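Asks: Below is a structure I'd like to ask you about.
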């Protein structure tokens, strides 16, 4: 997740970068913004801020580019004076929030959350910021992040509240696209919000460098080790380490990681000294731990260590009563005021969604982009993805 700031004001850019733990991409020209547009398409939960002083060729070309991307996150216009009522209504109609300058970081966070950006910003607040918002907010943060009123989702939120504060390892199991990272974020909120919060996708770690990424290395530890590197376990010291797709961690590294969990000690690659690290561990997998162990993807001793507190997220096909809430939540987050018509809702309800919530959001984004602009509701006529369309037709 990144924050995209469209401004010519270096002081504004510097202030936001200092106070929020966000990857801040800034732009001061139209050409730079076009490049930024490509990043907006691939980012999971972007936050977009457009400063009113960005007027190289007027605001309209920028708005046209923004609207063409259907950004799934908060879009906020920064204005020094809010006096043009017609302009304000236009920006709000196309899904923008408006924040008056000068503003505090707290006001920016509030505006992002009000624009449906809770998922966008939650993992990047400092411990003190997050603690303040969890204590002072009148809304149900759990319901805002983990959308759904079905019995399984209510049960999961209750479990998170009960075990979040325990400084013990928690494993999250669920098919791809069910929201395991969201559950991890909620566990962080309930834990007392320690910093740092380190998120690692084990499948993205090169097998040959697993040791280095996890435990770090000394300079000269191997051919390309031109400088010392701090590993994820040291970066997480005193906070939370979230290992997603734990089954993709190399077997030899699993053994060393187990020793770290038991002794709180580890040794960086190429080092002759032992270091310590203590953190709350959250792991996640697409497959149940028992099956991973049976299939030889997870060491038996590590399985025993992780198989304690487990949260299982049900697939979307088992909680279809949550579909209306999920649809409304996502369409609101991209500034779409139209909602699926009855025929489209029936098609959505009949489909089993093997890609779960992630697949649903992808379909909704496509629907929002390609549905006729003059339509009062969103219709899947000739827009539905083939896999969804054929599955629904065959079930009739």
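Residue numbers (this note's numbering): -1 to 394. Glycine residues also receive a C-beta, built at the ideal position from the N, C-alpha and C atoms. Note that the structure is predicted; figures quoted are calculated from it, not measured.
Count the other CB atoms, across all protein chains shown, that sit within 10 Å of the CB of residue 105; report buried if there are 16 or more and exposed otherwise.
Replies: The sequence position of residue 105 within the chain shown is 107, counting from 1. When all chains shown are included, residue 105 counts as exposed.
Asks: Using a Cβ-Cβ cutoff of less than 7 Å, which residues in the same chain neighbour residue 48 once the five nearest sequence positions on both sides are dropped?
Replies: Position 50 of the chain shown, counting from 1, holds the residue named residue 48. The residues are 4, 60, 75, 76.
Asks: Using a Cβ-Cβ cutoff of less than 6 Å, which residues in the same chain neighbour residue 246 once the five nearest sequence positions on both sides are dropped?
Replies: For this step, residue 246 is matched to residue 248 along the chain shown. Answer for residue 246: 200, 201, listed in chain order.
Asks: Kindly give me the distance between the Cβ atoms of residue 267 and residue 222, rounded to whole angstroms, as I take these residues to be in contact under 8 Å.
Replies: Stepping through the chain shown from its first residue, residue 267 is reached at position 269. Stepping through the chain shown from its first residue, residue 222 is reached at position 224. No, residue 267 and residue 222 are not in contact; Cβ-Cβ is about 12 Å, not under 8 Å.
Asks: Could you give the distance in angstroms between the alpha-carbon of residue 428 and the alpha-carbon of residue 10?
Replies: Residue 428 cannot be examined here, being either before or after the span of the chain that is shown, -1 to 394.
Asks: Kindly identify the DSSP beta-bridge partner or partners of residue 274.
Replies: Within the chain shown, residue 274 is the residue found at index 276, counting from 1. Partner(s): 263.
Asks: Applying the criterion that 16 or more other CB atoms from any shown protein chain within 10 Å of the CB defines a buried residue, is residue 165 buried or exposed?
Replies: As a position in the chain shown, residue 165 is number 167, starting the count at 1. It counts as exposed.
Asks: At which residues does the alpha helix (DSSP H) containing residue 299 begin and terminate?
Replies: As a position in the chain shown, residue 299 is number 301, starting the count at 1. Where residue 299 is concerned, the enclosing alpha helix (DSSP H) stretches over 298 to 304.
Asks: So residue 395 and residue 235 are supposed to be a Cβ contact under 8 Å. How far apart are they, rounded?
Replies: Because the chain here runs from -1 to 394, residue 395 falls outside it and cannot be looked at.
Asks: Using a Cβ-Cβ cut-off of 6 Å (strictly less than) and excluding sequence neighbours within five positions of residue 263, which residues of its own chain qualify?
Replies: Here residue 263 is taken as the residue at index 265 of the chain shown, counted from 1. These residues qualify, in order along the chain: 272, 274.
Asks: Just mark residue 316 as buried or exposed, buried being the case when its beta carbon has 16 or more other beta carbons within 10 Å.
Replies: Locating residue 316 in the chain shown gives position 318, counting from the first residue. Counting Cβ neighbours within 10 Å, residue 316 comes out exposed, since fewer than 16 surround it.
Asks: Using DSSP with H/G/I as helix, E/B as strand and the rest coil, what is residue 342?
Replies: Locating residue 342 in the chain shown gives position 344, counting from the first residue. If DSSP states are grouped into helix, strand and coil, residue 342 belongs with the helices.
Asks: Within its chain, find whatever has a CB closer than 8 Å to the CB of residue 252; leave out the 5 residues flanking it on each side and keep chain order.
Replies: The residue given as residue 252 occupies position 254 in the chain shown. The residues are 296, 297, 300.
Asks: Taking the beta strand (DSSP E) that residue 198 falls in, what are its first and last residues?
Replies: In the chain shown, residue 198 corresponds to position 200, counting from 1. Its beta strand (DSSP E) spans residues 195 to 199.
Asks: State the DSSP-derived secondary structure class of residue 281, mapped to helix, strand or coil.
Replies: Translated into the one-based positions of the chain shown, residue 281 becomes position 283. In this structure, residue 281 counts as strand in the three-state DSSP scheme.
Asks: Which residue or residues does DSSP assign as beta-bridge partners of residue 240?
Replies: Taking the first residue of the chain shown as 1, we reach residue 240 at position 242. Answer by DSSP bridge pairing, in chain order: 197, 280.
Asks: From residue 8 to residue 94, what does the alpha carbon distance come to, in whole angstroms?
Replies: Translated into positions along the chain shown, residue 8 becomes position 10. Translated into positions along the chain shown, residue 94 becomes position 96. Distance between the alpha carbons of residue 8 and residue 94: 23 Å.
Asks: Please identify the residue among 289, 328, 149 whose C-alpha is closest to the C-alpha of residue 410.
Replies: Nothing about residue 410 can be reported from this structure: the residues present for the chain run from -1 to 394 only.
Asks: Short of 7 Å in beta carbon distance, which residues of its chain neighbour residue 250, apart from the five on each side in sequence? Order them along the chain.
Replies: Residue numbering aside, residue 250 sits at position 252 when the chain shown is read from its first letter. If we look at residue 250 and ignore the five residues flanking it on each side, it has no Cβ neighbours.
Asks: With a threshold of 7 Å on Cβ separation, who are the neighbours of residue 387 within its own chain once the five nearest residues in sequence on each side are excluded?
Replies: Here residue 387 corresponds to residue number 389 of the chain shown, with the count starting at 1. At residue 387, the pLDDT of 47 sits below 50, so the modelled position is not reliable; the number obtained from the coordinates is stated separately. No residues qualify anywhere along the chain.
Asks: Go to residue 210, then tell me how far its alpha helix (DSSP H) extends in each direction, as first and last residue.
Replies: On the chain shown, position 212 is the one that residue 210 refers to. That run of the alpha helix (DSSP H) goes 208 to 213.
Asks: Should residue 353 and residue 174 be called a contact, given that it needs their Cβ atoms to be closer than 8 Å?
Replies: Mapped onto the chain shown, residue 353 falls at position 355. Mapped onto the chain shown, residue 174 falls at position 176. Yes, the Cβ-Cβ distance between residue 353 and residue 174 is below 8 Å.
Asks: How long is the line joining the alpha carbons of residue 328 and residue 257, rounded to whole angstroms?
Replies: Along the chain shown, one-based indexing puts residue 328 at 330. Along the chain shown, one-based indexing puts residue 257 at 259. So the alpha carbons of these two residues sit roughly 42 Å apart.
Asks: Quick check: the Cα distance between residue 150 and residue 322, rounded to an integer number of angstroms?
Replies: If you number the chain shown from 1, residue 150 lands on position 152. If you number the chain shown from 1, residue 322 lands on position 324. Roughly 16 Å between the two C-alpha positions.
Asks: Looking at the structure shown, is residue 7 part of a helix, part of a strand, or coil, going by DSSP?
Replies: Here residue 7 is taken as the residue at index 9 of the chain shown, counted from 1. Correct three-state label for residue 7: coil.
Asks: Determine whether the beta carbon atoms of residue 278 and residue 206 lie at a separation below 8 Å.
Replies: Start at 1 with the first residue of the chain shown, and residue 278 comes out as number 280. Start at 1 with the first residue of the chain shown, and residue 206 comes out as number 208. No, the Cβ-Cβ distance between residue 278 and residue 206 is not below 8 Å.
Asks: In its own chain, which residues sit with a C-beta less than 7 Å from the C-beta of residue 319, not counting the 5 before and 5 after it?
Replies: Indexing the chain shown from 1 puts residue 319 at position 321. Excluding residues within five positions, the ones whose Cβ falls inside 7 Å are 148.
Asks: Name, in chain order, the residues that DSSP records as bridge partners for residue 95.
Replies: By one-based count along the chain shown, residue 95 stands at place 97. DSSP output for residue 95 lists 74 as bridge partner(s).
Asks: Counting only the same chain and skipping the five closest in sequence on each side, list residues whose C-beta sits under 7 Å from that of residue 362.
Replies: On the chain shown, position 364 is the one that residue 362 refers to. Counting only Cβ-Cβ distances below 7 Å, and skipping sequence neighbours, we find 325, 328, 329.
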